[in-house]
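Chains as they are written, first to last, in the numbering used here: chain A, 1 to 302; chain B, 1001 to 1302. Ideal placement from N, C-alpha and C gives every residue a C-beta, glycine not left out. As the structure is a prediction and not an experimental result, all values here were calculated from the model. Heads up, the thing below is written out as structure tokens.
Okay, structure coming up:
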């Protein structure tokens, strides 16, 4: 009996290994599945990662690729890049893995010099809504915000009445740890969401980007046994080989990835294919999709 | 700098290690945090696990405790217990770990005899709403169902107009894999949700219970590299030592756990403490809580 729980792949990690990348073209019938949508996509539906806003977190087990969100957290993004360029993170470690919540890395004791990077930063927890900020509204209602959707590929929320927008704590999003003081985060300690979206953190802490490849290297770390999932012994922590800005590496050493754009008709088709599953396994379509269930589609550049 | 991403523990796993279990009593002021609510709880706020509806999944790394939900999937629960009692699972393995989705165990090739257990079962994907079915409504709106809440401690949904209720695919919920045929699941292959709630599975597959202890042993498994996170080599799979019904073990070998009841004023206080965080770290209370963000509180029996 080959009973399997599901018939379709869901997430970024490992995704590209499993879906044949078909040539562009128009399908004979409307797309039924995410694979159909992707198979019908054209080069205009994709965008490359910008090397200047891409980080490589190198672990012994492999490389984690992080896309920064400078339009939402410009000072944090700049500080993190300054830290990476001073090799601040090299030799530090993953210090925390709390089940169904976050994995965190950095220097919790604060022993290492920040070099030219700033020790405190303004709380970039929300941004002002401006006409220049792209925002594609997801029609599905959300409990945590008046509107949710995507901004430059990132899951986001906005409140038009308050004139604010912010990134949403979905699986794979990366943020900058802080203490109780709102300005106490500086990007020297980063976390990634590895569980059900802790959306209560939205507007309370600076999200700085998201993992676009290799999240399984973080999410499968053994959970820490101390309070909040911190490891209790140094030998339990996974060392960080290096953190680099992609632009600083020779082209041959960069990841060649592209991300599906979120401001296209193709992406709307993809969302619809996930909102109402039409593959043979499903009996009841949900008729709804939660912001954090919309997949982030990343693949090697053809 | 001790910047940490959050100030409060969230989940069942490891939870009991971190919160001091205080004596019962009335707090001087209204509870601010989940820890306050638990500290003020009385024995009537808790219930023990029923040994006849508790499974122990024993791995080399430790024991996973699963609470079955016989009121929602009676035939699946009975079949799984029959399989456990025939030692069906002993020596099988975790065969799948798909990032941000599920971890699955069993016998995907179907080589092992099911013994007296049934090979197919009716699709127990929903149950009829009856006055006998407890259901505490969560006031917060939900996108996937007209109403959500808790039934006997399990996250659940209901549709009064259709006269149906069902369990919800939150983190830690356990289900029975099936093929495309609705009756092809039998409990011989089980999965646990280890990512953002895949609520689109609700009403499409039988949920049979949830993990109440040890989920980190499943969720931190290395992700499988094959399609849908299946492992590609036998040596990558984690062996299952045994699966047992707690009632079949001597009392001294059972876990002594209790679960916070969900049909109490105390639980409503706990939900409110999570809906609007009042601890010092938070700046903006969410004013909302997603069903799958309500914590399942489990602790050793005093």
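How would you call residue 278(A), buried or exposed, if buried means at least 16 neighbouring beta carbons within 10 angstroms? Walking along the first chain from the start, residue 278(A) turns up at place 278. The residue in question, residue 278(A), is exposed, as its Cβ has fewer than 16 Cβ neighbours within 10 Å.
Outcome for residue 1081(B) when other beta-carbon atoms lying within 10 angstroms are tallied against a minimum of 16: Taking the first residue of the second chain as position 1, residue 1081(B) is located at position 81. With 16 or more Cβ atoms within 10 Å of its Cβ, residue 1081(B) is classed as buried.
In angstroms with no decimal places, state the Cα-to-Cα distance between residue 236(A) and residue 94(A). Locating residue 236(A) in the first chain gives position 236, where the first residue counts as 1. Locating residue 94(A) in the first chain gives position 94, where the first residue counts as 1. Going from the Cα of residue 236(A) to the Cα of residue 94(A) covers about 9 Å.
Residue range of the beta strand (DSSP E) that residue 104(A) falls in? Residue mapping note: residue 104(A) aligns to position 104 of the first chain, counting from 1. Where residue 104(A) is concerned, the enclosing beta strand (DSSP E) stretches over 102–106.
Within 8 Å, strictly: CB atoms of residue 168(A) and residue 155(A): For the purposes of this step, residue 168(A) is identified with residue 168 of the first chain, where counting begins at 1. For the purposes of this step, residue 155(A) is identified with residue 155 of the first chain, where counting begins at 1. Yes. Within cutoff.
Between residue 1256(B) and residue 1058(B), how many whole angstroms is the CB-CB distance? I'm expecting something under 8 Å. Along the second chain, read from residue 1 onward, the residue named residue 1256(B) stands at position 256. Along the second chain, read from residue 1 onward, the residue named residue 1058(B) stands at position 58. Rounded, the Cβ-Cβ distance is 17 Å, inconsistent with contact.
In terms of DSSP beta bridges, what is residue 1154(B) paired with? Here the question's residue 1154(B) lines up with position 154 in the second chain. According to DSSP, residue 1154(B) bridges with 1151(B).
What's the C-alpha gap between residue 33(A) and residue 39(A)? Position 33 of the first chain, counted from the start, is the residue given in the question as residue 33(A). Position 39 of the first chain, counted from the start, is the residue given in the question as residue 39(A). Cα-Cα distance, rounded: 10 Å.
Distance, Cα to Cα, residue 286(A) vs residue 86(A)? In the first chain, the residue the question calls residue 286(A) occupies position 286. In the first chain, the residue the question calls residue 86(A) occupies position 86. If I take the Cα positions, the gap works out to 48 Å.
Give, in chain order, every residue of the stretch 266–291 of chain A whose Cβ lies closer than 7 Å to some Cβ of chain B. 277, 280, 281, 282, 283, 284, 286, 288 and 290
Classify residue 108(A): buried if its beta carbon has 16 or more other beta carbons within 10 angstroms, exposed otherwise. Working through the first chain from its first residue, we reach residue 108(A) at position 108. Looking at its Cβ environment, which holds 16 or more other Cβ atoms inside 10 Å, residue 108(A) is buried.
Would you identify the three-state DSSP class for residue 1047(B), choosing helix, strand or coil? Taking the first residue of the second chain as 1, we reach residue 1047(B) at position 47. Here DSSP, grouped into helix, strand and coil, assigns residue 1047(B) to strand.
For residue 1193(B), the first and last residue of its enclosing beta strand (DSSP E): In the second chain, residue 1193(B) corresponds to position 193, counting from 1. Residues 1190–1193.
Starting from residue 66(A) and walking both ways along the beta strand (DSSP E), at which residues does that stretch end? Locating residue 66(A) in the first chain gives position 66, counting from the first residue. Residue range 62–68 is occupied by the beta strand (DSSP E) that includes residue 66(A).
Report all residues from its chain with a CB closer than 6 Å to the CB of residue 1153(B); omit the five preceding and five following residues, and keep chain order. Here residue 1153(B) corresponds to residue number 153 of the second chain, with the count starting at 1. Closer than 6 Å at the Cβ level, and outside the excluded window around residue 1153(B), lie 1259 and 1262.
Examine the Cβ distances between the stretch 1213–1221 of chain B and the stretch 1050–1068 of chain B and report whether three or more of them are shorter than 8 Å. yes
Taking Cβ positions only, does residue 1197(B) come closer than 8 Å to chain A? The residue labelled residue 1197(B) in the question sits at position 197 within the second chain. Chain A, which has a Cβ nearer than 8 Å to the Cβ of residue 1197(B), makes this yes.
Check whether residue 1117(B) and residue 1053(B) have beta carbons under 8 Å apart: The residue labelled residue 1117(B) in the question sits at position 117 within the second chain. The residue labelled residue 1053(B) in the question sits at position 53 within the second chain. At a Cβ-Cβ threshold of 8 Å, residue 1117(B) and residue 1053(B) do not count as neighbours.
Using beta carbons (cut-off 8 Å, strictly below), is residue 1022(B) in contact with chain A? What you label residue 1022(B) is simply residue 22 of the second chain in a count that begins at 1. Because residue 1022(B) carries a pLDDT of 32, less than 50, the predicted location of this residue cannot be relied on, and no value is offered for it.
Whole angstroms are fine: how far does the CA of residue 76(A) sit from the CA of residue 121(A)? Locating residue 121(A) in the first chain gives position 121, counting from the first residue. Locating residue 76(A) in the first chain gives position 76, counting from the first residue. Taking the straight line joining both Cα atoms gives about 7 Å.
Give a yes or no on whether 8 Å exceeds the smallest Cβ distance from residue 1256(B) to chain A. Indexing the second chain from 1 puts residue 1256(B) at position 256. It does not; no Cβ of chain A falls within 8 Å.
Under 9 Å, CB to CB, which of the residues in the stretch 95–111 of chain A have a partner in chain B? From the stretch 95–111 of chain A, only 96, 97, 98, 99, 100, 101, 102, 104, 106, 107, 108, 109 and 110 have a Cβ closer than 9 Å to chain B.
Under a CB-based cut-off of 8 Å, is residue 320(A) close to chain B? Here chain A has residues from 1 to 302 only, and residue 320(A) is not among them.
How would you write the range of the beta strand (DSSP E) that residue 165(A) sits in, first residue to last? Residue mapping note: residue 165(A) aligns to position 165 of the first chain, counting from 1. Note, residue 165(A): beta strand (DSSP E), 164–167.
Helix, strand or coil at residue 175(A) according to DSSP, with G and I counted as helix: Here residue 175(A) is taken as the residue at index 175 of the first chain, counted from 1. Strand at residue 175(A).
Per-residue contacts from residue 144(A) into chain B (C-beta, under 8 Å): Locating residue 144(A) in the first chain gives position 144, counting from the first residue. Going along chain B in sequence order, the residues near residue 144(A) (Cβ under 8 Å) are 1286, 1288 and 1290.
Should residue 86(A) be flagged as near chain B, meaning a C-beta pair shorter than 8 Å? Locating residue 86(A) in the first chain gives position 86, counting from the first residue. Answer no: the Cβ-Cβ gap between residue 86(A) and chain B never drops below 8 Å.
Where the alpha helix (DSSP H) containing residue 1035(B) begins and where it ends: As a first step, residue 1035(B) must be located in the second chain, where it is residue number 35. That run of the alpha helix (DSSP H) goes 1034–1039.
Pairwise C-alpha distance: residue 1302(B) and residue 294(A): Translated into positions along the first chain, residue 294(A) becomes position 294. Translated into positions along the second chain, residue 1302(B) becomes position 302. Cα-Cα distance, rounded: 43 Å.
Put residue 1085(B) into one of helix, strand or coil per three-state DSSP. Reading the second chain from its first residue, position 85 is the one you call residue 1085(B). Residue 1085(B): helix per DSSP, three-state reduction.
Please confirm if residue 1296(B) has its CB atom under 8 Å from at least one CB of chain A. Against the second chain, residue 1296(B) aligns to sequence position 296. No, no contact with chain A.
Between the beta-carbon of residue 1222(B) and the beta-carbon of residue 1097(B), is there less than 8 Å? Locating residue 1222(B) in the second chain gives position 222, counting from the first residue. Locating residue 1097(B) in the second chain gives position 97, counting from the first residue. Cβ atoms of residue 1222(B) and residue 1097(B): closer than 8 Å.
Which chain B residues sit within Cβ distance under 8 Å of residue 203(A)? Taking the first chain and counting its residues from 1, the one referred to as residue 203(A) is at position 203. The contacting residues are 1283 and 1284.
Strictly below 9 Å CB to CB, what residues from chain A border residue 1219(B)? Position 219 of the second chain, counted from the start, is the residue given in the question as residue 1219(B). Result: 99, 100, 194, 195, 219, 220 and 223.
Three CB pairs or more closer than 8 Å across the stretch 194–210 of chain A and the stretch 158–178 of chain A: yes
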